[in-house]
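Asker:
There are 2 protein chains.
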Amino acid sequence: MTDVVTLADGAGGKASRRLVEDLFLDELRNPLLEPLSDAALVSANGTRLAFTTDSYVVRPLVFPGGDIGELAVNGTVNDLAVSGSTPLALAAGFVIEEGFPLDELRAIVHSAGRAAAAAGVSVVAGDTKVVECGAADGLYITTAGIGLVDVRVELSPARVRPGDCVLVSGSIAEHGIAVMFARGDLHLELDVESDTAPVHVEAAALCALGDDLRWMRDPTRGGLATTLNELAWGAGASVLLQETAIPVREDVRAACELLGIDPLYVANEGKLVAVVAPQAVGATLAALGPHAALIGEVRADDVPLVLAQTPYGGTRIVDMLVGDPLPRIC
Amino acid sequence: MTDVVTLADGAGGKASRRLVEDLFLDELRNPLLEPLSDAALVSANGTRLAFTTDSYVVRPLVFPGGDIGELAVNGTVNDLAVSGSTPLALAAGFVIEEGFPLDELRAIVHSAGRAAAAAGVSVVAGDTKVVECGAADGLYITTAGIGLVDVRVELSPARVRPGDCVLVSGSIAEHGIAVMFARGDLHLELDVESDTAPVHVEAAALCALGDDLRWMRDPTRGGLATTLNELAWGAGASVLLQETAIPVREDVRAACELLGIDPLYVANEGKLVAVVAPQAVGATLAALGPHAALIGEVRADDVPLVLAQTPYGGTRIVDMLVGDPLPRIC
């Protein structure tokens, strides 16, 4: 680790994990934080709660398909949902740069409120701080959320077994690509929108599978590749992907090629990846809707890896994200 | 309201309230947010929870008596405590400027962990985002917290009645003054430390008063004056302060005079202000410890105001904070 924080430390990949494990977990170590999952499980008078937080620094603040307000709400709703909980309440902290236009702020807050309503939840607590011009880049939002844990499921990488199946709820890489192109640095246009959306309905439907549902996540920063690497480590088993089965829109795939980025590493903000028992694949596909796909399976391995079978019959190792090809994507 | 966000909008005073009510509350309106208290009350399976968030942008990050890590934890612990709840779990979101020294980050996270342990709670969830050099001022932290509400109390300005007594747990204005002098812009030295500390023990002791405890707050941004104005509005009654009874250290008072600031408007980060029934004053003073003081009383009034009886026998109106004499104090 270098002696200063780098952009890669915030990318959700290998450096991020190092910063989180070597520094934050080391200093704050406790049993509830240790799983480093999307939400911590907390018991309140015997009621099991999920509790999560995420900071949003996306640039630009408004992008095709959404804005930072909607993104911040959906992101926290999704962290609660994939932890097997029903979102109960949200909180939002705003750090605003002096001089930020009030009408833009109102549009973003409106969008956050609409996203919360769509997920059946409210922003019940908030805070606003203003910093001098130049001390922030417009606006940062940190959302936190509480969810009520579904007692029918026990979700953990430790419950994932060889033979289990990996499914994704729809096509990947759209959020990251939409935001990259929205920055205008590429001098290219692309008709792709962010997929920012709540996945609480799909997640709740999967909870009905009970024991057959092993684990869920929303593959945000670092993309599907990073999420599945974290799964492999936690499960002590490998994930074998069928590359051709992973849904990617043709224009998104072309944009990724142009940028030299593998779509597996690009952030999604409205997708869900689930591991289920083989007998639950049909029910999972039905619950996730028409865009869902079975993309791989878990297999026993001495060294847990994520592997992809390529269209050409070969197999490649899909490592975690290294560095940060797409900074400030969320 | 001007058409851009100003520093005064973040000061916790009149402009802040305008931004919060006219924009945030207007867009996000729901019954749990509407009281705009330090924490929202949420019900989970019949268990009453307090839920709160605060963003911290204090400058400098390290100041006499504390740092942003400790401040962010104590602030959220205190918002839970004065809402009549026992802190259960904390979450923390970090927005870090690229190039921030890792050893300084470690010291701040360590300090946050130590503050959490001192309050009997853990940071169970977190997030880290890194922004480019120049897109933040070192580090911002947003903490959120869940507390278990004490069933013995029902705290609300609406429960405050004429004749009730106002008490403070110790001397005021130390945090704001310590941070201002720590910036070095004044080219003056002062031996005052921030009072950043958890007040959960004192708050829990007051909860034993049951119905006699009407309302509690921690007078942070905007100081005691702003907190008591919010109380007066909420209660529809006036607060009459005895100015000479309000504990202020002599050197802090002198520093305030030098800066032309009334100590009533300066932020505290480890003090508690409580309104109790007259018969509970003795028990309250005993629970709050040797530095506590009875500083005023509530009285019926057609126009709710905060008034202070001056040492010279006159009475002055103590309005809410207007503008922002001390930006980025927390």
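So the sequences go chain by chain: P and H.
With our numbering applied, the first sequence has no gaps in its numbers, which climb one by one up to 330 at the end.
With our numbering applied, the second sequence has no gaps in its numbers, which climb one by one up to 1330 at the end.
Ideal Cβ placement from N, Cα and C applies to all residues, glycine included.
Leaving out five residues on either side along the sequence, give the residues of the same chain with a beta carbon under 7 Å from the beta carbon of H:Thr-1076.
Answerer: The beta carbon of H:Thr-1076 sits closer than 7 Å to those of Thr-1052, Asp-1054, Leu-1090, Thr-1143, Ala-1144, Gly-1145, all from its chain and outside the five residues before and after it, given in chain order.
Asker: H:Ala-1040 and H:Pro-1327 - do their beta-carbons sit closer together than 8 Å?
Answerer: With a cutoff of 8 Å on beta-carbon distance, H:Pro-1327 and H:Ala-1040 are scored as not near each other.
Asker: Using DSSP bridges, identify the partner residues of P:Ala-245.
Answerer: In DSSP, P:Ala-245 forms no bridge with anything.
Asker: When you compare each of H:Ile-1172, H:Gly-1210, H:Gly-1282 to H:Glu-1193 by their alpha carbons, which one comes out closest?
Answerer: The shortest C-alpha to C-alpha distance from H:Glu-1193 to any of H:Ile-1172, H:Gly-1210, H:Gly-1282 is the one to H:Ile-1172.
Asker: In chain P, which residues lie less than 7 Å from H:Thr-1142 when you measure between Cβ atoms?
Answerer: Ser-55, Gly-93, Thr-142
Asker: Report the residues of the stretch 92-111 of chain P with a CB closer than 8 Å to any CB of chain H, ordered along the chain.
Answerer: Ala-92, Gly-93, Phe-94, Val-95, Ile-96, Glu-97, Glu-98, Gly-99, Phe-100, Pro-101, Leu-102, Asp-103, Leu-105, Arg-106, Val-109, His-110
Asker: Identify every run of the alpha helix (DSSP H) within the stretch 1089-1174 of chain H, keeping only runs that are complete inside it and at least 4 residues long; order them along the chain.
Answerer: With a minimum length of 4 residues, the continuous alpha helix (DSSP H) runs that stay inside the stretch 1089-1174 of chain H are 1102-1118.
Asker: Report the three-state DSSP secondary structure of H:Ser-1037 (helix, strand or coil).
Answerer: coil
Asker: Can you tell me whether P:Thr-220 is buried or exposed? The criterion is at least 16 other CB atoms within 10 Å of its CB, across all chains shown.
Answerer: buried
Asker: Within 8 Å, do at least three Cβ pairs link the stretch 244-257 of chain P to the stretch 228-236 of chain P?
Answerer: The stretch 228-236 of chain P, when compared against the stretch 244-257 of chain P, does not touch it at the 8 Å Cβ threshold.
Asker: Counting only beta-carbon atoms, is H:Arg-1217 nearer than 8 Å to chain P?
Answerer: no
Asker: Under 8 Å Cβ-Cβ, which residues of chain H neighbour P:Asp-195?
Answerer: P:Asp-195 does not reach chain H, its nearest Cβ partner there being about 20 Å away, counting only Cβ pairs nearer than 8 Å.
Asker: Once the 5 residues before and after P:Thr-244 are set aside, which same chain residues still bring their CB inside 7 Å of it?
Answerer: Pro-311, listed in sequence order.
Asker: Below 8 Å, how does it come out for the stretch 95-102 of chain P and the stretch 118-136 of chain P: are there three or more Cβ pairs, yes or no?
Answerer: yes
Asker: Comparing the C-beta of H:Ser-1016 with each C-beta of chain P, is any distance below 8 Å?
Answerer: yes
Asker: Rounded to a whole number of angstroms, what is the C-alpha to C-alpha distance between H:Val-1179 and H:Arg-1106?
Answerer: A direct Cα-to-Cα measurement between H:Val-1179 and H:Arg-1106 gives close to 21 Å.
Asker: When Cβ atoms are compared, which residues of the stretch 157-178 of chain P fall closer than 8 Å to chain H?
Answerer: none
Asker: Excluding the 5 residues preceding and the 5 following P:Ala-287 in the sequence, name in chain order all residues of the same chain whose CB lies nearer than 7 Å to its CB.
Answerer: Glu-202, Ala-205, Leu-206
Asker: Inspect the beta-carbon positions of P:Ala-44 and P:Leu-80 and report whether they are closer than 8 Å.
Answerer: no
Asker: For H:Pro-1157, which residues from the same chain have a beta carbon less than 7 Å from its beta carbon, with the 5 sequence-adjacent residues on both sides left out?
Answerer: Trp-1215, Leu-1231, Gly-1234, Ala-1235
Asker: Against chain H, does P:Gly-234 count as a neighbour if the rule is that its beta carbon must be under 8 Å from one of theirs?
Answerer: no
Asker: What's the C-alpha gap between P:Thr-284 and P:Val-306?
Answerer: 22 Å
Asker: Between P:Thr-47 and chain H, is the shortest Cβ-Cβ distance under 8 Å, so that the two count as touching?
Answerer: yes
Asker: Give me, in chain order, the residues of the same chain whose beta-carbon lies closer than 6 Å to that of H:Pro-1325; leave out the 5 immediate sequence neighbours on both sides.
Answerer: Ile-1261
Asker: Can you grab the Cα-Cα spacing for the pair P:Val-57 / H:Ala-1254, in whole Å?
Answerer: Taking the straight line from one Cα to the other gives about 41 Å.
Asker: Alpha carbon to alpha carbon, what distance is there between P:Pro-304 and H:Lys-1014?
Answerer: Between the alpha carbons of H:Lys-1014 and P:Pro-304 lies a gap of roughly 57 Å.
Asker: Assign H:Met-1001 to one of three DSSP states: helix, strand, or coil.
Answerer: With a pLDDT of 49 at H:Met-1001, under the threshold of 50, the modelled position of that residue is not reliable, and no figure is offered here.
Asker: Would you decide whether H:His-1187 is buried or exposed? Buried here means 16 or more other CB atoms lie within 10 Å of its CB.
Answerer: exposed
Asker: Take H:Gln-1279 and list the residues in its own chain whose beta-carbon comes closer than 8 Å to its own, dropping the five residues that flank it on each side.
Answerer: Asp-1212
Asker: Can a CB atom of chain H be found closer than 8 Å to the CB of P:Leu-61?
Answerer: No - not a single Cβ of chain H is within 8 Å of the one on P:Leu-61.
Asker: Does chain H have any CB closer than 8 Å to the CB of P:Ala-135?
Answerer: Closer than 8 Å to some Cβ of chain H, the Cβ of P:Ala-135 qualifies, so yes.
Asker: Identify the residues that DSSP records as bridge partners of H:Ile-1317: which are they?
Answerer: H:Leu-1307
Asker: Using CA coordinates, which residue listed in P:Cys-330, P:Ala-136, P:Ser-85 is at the minimum distance from P:Gly-120?
Answerer: Each of P:Cys-330, P:Ala-136, P:Ser-85 was checked against the Cα of P:Gly-120, and the nearest Cα belongs to P:Ser-85.
Asker: Run through the DSSP bridge pairs and tell me what P:Asp-54 is partnered with.
Answerer: P:Thr-143
Asker: Using 10 angstroms around the beta-carbon of H:Ala-1208, count the other beta-carbons present and answer buried if the total reaches 16, otherwise exposed.
Answerer: exposed
Asker: Taking just the CA atoms, how far does H:Ala-1293 sit from H:Leu-1272?
Answerer: 11 Å
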